[in-house]
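Asker: Take the working numbering: the last position of the sequence shown gets the number 363, and nothing is skipped along the way.
This is the structure I want to talk about, given as structure tokens.
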Amino acid sequence: MNDKFRNFTNNQQMIAHIRKLAKDNKTSTQVILEEFTLDDFVRRIAKSKYKNNLILKGGFLLSSLIGINNRTTEDIDTDIKGKDLTSSEATKMVDEICNIIPSKNDPIEIKRVGNVQKIHEGAEYVGYRVHLLGTLYKKSKANIKIDISTGDIITPKEIKYEYNSLIDNSPIKIYAYNNETIIAQKLETVFSRSIVNTRMKDYYDIYMLNKLRKQTDYKKLKLDLSLTRTALENTANSRNSFNEIFEKVNKENYSWQITLDYIKSSKAMRDKWENYIHQKAYARKINFQDTLNAIEELMLELFVN
């Protein structure tokens, strides 16, 4: 490993590097510090005995796919396989991973803060959330979270993903969701939640994923459309929302098209989007109609192929 930490001997030098990265990526130093801590925790997962049990998904994976200049997060989302998910098991796993030192000069200390919390977001998954505190050179601090859940369907299965470290650009191999499952779950959420959806990041993520998949030089986001359709069917079946997407309501339209028209006409959804982009600078040049166009384009491709 090309250990970037070897180039730094104190907090000031590392913070200077973090400030440069923040400037280059048009974000704040605190966001980069959080990303460093998340990065370091993923490195620890990859070196742990749980490396085959934890499957990366969610915002951190998306940041890796589309770039932190386009998407930031303060948590790591994972699915677990091959182990029973209990509060005590989640605590044990996270504590053991925190105690791993990924390289001898690693200046980041990561510790669990408080007890694990049970999470249950709708009927989609059940899991646990663990709050962590990262300390860089015993001075600079970053609060992050890791969610460990179970129950979601991956079509056909998880992949071995090569994540490039933000710290030193070295490859970290870890299991992760494939692109088709990522897209399928985002689309299912859009249609099953319709105008009660408060997760505007789903719309943003679909817009960015759809945009980047069409760039011939962007190989991270190639999509198998047939597999994406299958993943959407599997996800909808597992979440009891199949008819909300695939039901033929008349000769010309599926249920998803009726829902999309409903979303298009919703002032409440446009207001939610405006609030979202006010908070997320990287999304400010995108209007809500752009995201709806991306969703429609992608769905039409899935229903043709």
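Heads up, the beta-carbon is just placed ideally off N, CA and C, and yes, glycines get one too.
The structure displayed is predicted, hence computed values, not measured ones.
What does the alpha-carbon distance come out to for the pair Asn308 and Leu318?
Answerer: Taking the straight line joining both Cα atoms gives about 15 Å.
Asker: Which residues in the same chain as Ala352 place their Cβ atom closer than 8 Å to its Cβ, once the five residues preceding and following it in sequence are excluded?
Answerer: Excluding sequence neighbours, Ala352 sits near Ile264, Tyr265, Asn268, Lys269.
Asker: So, helix, strand or coil for Ile353, using DSSP?
Answerer: DSSP places Ile353 in helix when its eight states are reduced to three.
Asker: Using a 10 Å radius around the Cβ and a threshold of 16 neighbouring Cβ atoms, would you call Lys343 buried or exposed?
Answerer: It is exposed - the Cβ of Lys343 has fewer than 16 other Cβ atoms within 10 Å.
Asker: Can you tell me the Cβ-Cβ gap for Thr213 and Ala242, rounded? I've got them flagged as a contact below 8 Å.
Answerer: Their Cβ separation, rounded to whole angstroms, is 7 Å, which keeps Thr213 and Ala242 in contact under 8 Å.
Asker: According to DSSP, is Asn127 helix, strand or coil?
Answerer: The answer is coil: DSSP assigns Asn127 none of H, G, I, E or B.
Asker: If you pair each beta-carbon of the segment 108-123 with each one of the segment 73-92, do three or more pairs fall below 8 Å?
Answerer: Cβ pair count under 8 Å is below three, so no.
Asker: Determine whether the beta carbon atoms of Thr288 and Glu246 lie at a separation below 8 Å.
Answerer: Contact: no.
Asker: Is Gln315 near the ligand NAP, with its Cβ less than 7 Å from a heavy atom?
Answerer: The model on display carries no ligand, and the ligand NAP is accordingly not part of it.
Asker: Among the residues of its own chain, which have a CB less than 6 Å from the CB of Ala346, if the five just before and after it don't count?
Answerer: The amino acid at residue 346 is misidentified as Ala; the sequence shows Phe. For Phe346, where only same-chain residues beyond five positions count, the Cβ hits under 6 Å are Arg328, Trp331.
Asker: Could you name the residues of the same chain whose beta carbon sits closer than 8 Å to that of Ala326, not counting the 5 residues immediately before and after it, in chain order?
Answerer: Taken in chain order, the residues that qualify are Ile253.
Asker: Which residues in the same chain have their Cβ closer than 7 Å to the Cβ of Ser86, if we skip the five residues on either side of it in sequence?
Answerer: Result list for Ser86: Ala80, in chain order.
Asker: At which residues does the beta strand (DSSP E) containing Asn222 begin and terminate?
Answerer: 217-222 is the extent of the beta strand (DSSP E) around Asn222.
Asker: Could you have a look at Ala74 and say whether DSSP puts it in helix, strand or coil?
Answerer: In the structure shown, Ala74 sits in a helix (DSSP, three-state: H, G or I).
Asker: Are three or more beta carbon pairs between the segment 94-102 and the segment 199-212 nearer than 8 Å?
Answerer: Yes: the two stretches touch, three or more of their Cβ pairs being nearer than 8 Å.
Asker: Report the residue from Tyr219, Ile230, Ile134, Ile168 whose alpha carbon sits nearest the alpha carbon of Gly185.
Answerer: Answer by Cα proximity: Ile134.
Asker: Curious, which full-length alpha helix (DSSP H) runs of at least 4 residues does the segment 197-276 contain?
Answerer: Taking only runs of at least 4 residues, the alpha helix (DSSP H) segments lying wholly in the segment 197-276 are 237-251, 258-271.
Asker: Of the choices Phe304, Leu143, Ser161, whose alpha-carbon is the least far from that of Asp28?
Answerer: An answer regarding residue 28 cannot be provided, because it is not within the stretch 59 to 363 covered by the chain.
Asker: Considering only DSSP beta bridges, list what Glu167 is partnered with.
Answerer: Thr193.
Asker: Please go through the same chain and pick out, in chain order, the residues whose beta-carbon is closer than 6 Å to the beta-carbon of Leu119, but skip the five residues on each side of it.
Answerer: Same-chain partners within the cutoff: Ala234.
Asker: If you drop the 5 nearest sequence neighbours on each side, which residues of the same chain put their C-beta closer than 7 Å to that of Met258?
Answerer: For Met258, where only same-chain residues beyond five positions count, the Cβ hits under 7 Å are Lys330, Trp331, Tyr334.
Asker: Quick check: what's the CA-CA separation for Val362 versus Ser323?
Answerer: Val362 and Ser323: Cα-Cα distance of roughly 25 Å.
Asker: Pairing CB atoms from the segment 162-173 with CB atoms from the segment 187-198, are three or more of them under 8 Å?
Answerer: With the cut-off at 8 Å, the segment 162-173 and the segment 187-198 touch.
Asker: How long is the line joining the alpha carbons of Ser296 and Glu355, rounded to whole angstroms?
Answerer: Going from the Cα of Ser296 to the Cα of Glu355 covers about 24 Å.
Asker: When DSSP labels each residue in this structure, what does Gly117 get in the three-state scheme?
Answerer: The answer is helix: DSSP assigns Gly117 an H, G or I state.
Asker: Give the straight-line distance between the Cα atoms of Ser223 and Val100, rounded to the nearest whole angstrom.
Answerer: Computed Cα separation, rounded: 9 Å.
Asker: Should Leu123 and Leu279 be called a contact, given that it needs their Cβ atoms to be closer than 8 Å?
Answerer: Yes, the pair counts as a contact, with Cβ atoms nearer than the cut-off.
Asker: Who does Arg187 pair with in a DSSP beta bridge?
Answerer: Answer is Gln175, Asp205.
Asker: Using DSSP bridges, identify the partner residues of Tyr312.
Answerer: Answer by DSSP bridge pairing, in chain order: Lys306.
Asker: Under a three-way DSSP split, which group does Ala181 fall into?
Answerer: Its pLDDT being 49, under 50, Ala181 is placed unreliably by the model, and nothing is read from it.
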